[in-house]
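In the numbering used here, the protein residues as written are 489 to 653.
Ideal placement from N, C-alpha and C gives every residue a C-beta, glycine not left out.
On a predicted model such as this, the values are computed, not experimentally measured, just so you know.
Here's what the structure looks like:
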């Protein structure tokens with residue numbers, strides 16, 4: 489069922505420059521599925537996302553409700569898919585709605601007050617930590633990997649270090 493999803497990633501920058509291009513090339517991605525309400529409801533931003541990928545890569549931008557509907561219809565269709573979320577809150581909600589991905593890569597969360605640095609340039613709030621812990625306890629393999637050259641850093645390391653306890 490999940491065979492066509494090659495990567496599930498959270499990155500507040502969504503599709504951006506060389507980092508995303510390297511993921512697309514390295515994994516043979518043919519389709520990027522962006523799930524973000526704001527992007528889906530902003531035609532100009534959606535167009536920017538579509539134009540930001542290598543030629544031959546399809547981009548579909550969905551709001552949360554449409555994404556679940558499309559997943560239930562045909563699992564986003566054919567191709568090697570990169571499932572992309574702007575934030576952890578959305579990823580958790582979509583997972584709870586039935587799109588139960590098995591692995592999730594954290595690229596970047598975006599800075600805000602009250603966050604703690606957890607790995608390299610990745611910062612996280614207690615709320616996002618708690619959301620990730622729900623996914624982790626539900627069997628999702630979560631790891632932090634901002635760029636392809638970084639080694640995957642297991643979320644379990646953050647739990648063990650008791651960063652938010």
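If you compare alpha carbons, which of the options is closest to residue i?
| i | options | result |
| --- | --- | --- |
| residue 650 | 518, 617, 532, 547 | 617 |
| residue 544 | 564, 532, 509, 559 | 509 |
| residue 524 | 552, 507, 532, 515 | 552 |
| residue 581 | 595, 531, 535, 622 | 622 |
| residue 574 | 599, 604, 565 | 599 |
| residue 595 | 608, 627, 517, 613 | 608 |
| residue 506 | 648, 526, 637 | 637 |
| residue 629 | 515, 532, 643 | 643 |
| residue 584 | 619, 558, 593 | 619 |
| residue 554 | 569, 566, 567, 529 | 529 |
| residue 627 | 549, 548, 588 | 588 |
| residue 631 | 549, 606, 640 | 640 |
| residue 653 | 527, 610, 625, 604 | 604 |
Would residue i and residue j qualify as a contact pair, given that the criterion is a beta-carbon distance under 9 Å?
| i | j | result |
| --- | --- | --- |
| residue 498 | residue 576 | yes |
| residue 521 | residue 571 | yes |
| residue 503 | residue 541 | yes |
| residue 556 | residue 612 | no |
| residue 516 | residue 560 | no |
| residue 592 | residue 518 | no |
Evaluate residue i with the Cβ neighbour count: other Cβ atoms within 10 Å of its Cβ, from every protein chain shown; 16 or more gives buried, anything less gives exposed.
| i | result |
| --- | --- |
| residue 535 | exposed |
| residue 491 | exposed |
| residue 489 | Bear in mind that the predicted position of residue 489 carries a pLDDT of just 44, short of 50, making it too unreliable to give a figure here. |
| residue 566 | exposed |
| residue 590 | exposed |
| residue 601 | exposed |
| residue 548 | buried |
| residue 635 | exposed |
| residue 633 | buried |
With DSSP as the reference, please indicate the residues paired to residue i in a beta bridge.
| i | result |
| --- | --- |
| residue 596 | 499 |
| residue 611 | 605 |
| residue 632 | 594, 641 |
| residue 548 | 521 |
| residue 570 | 495, 520 |
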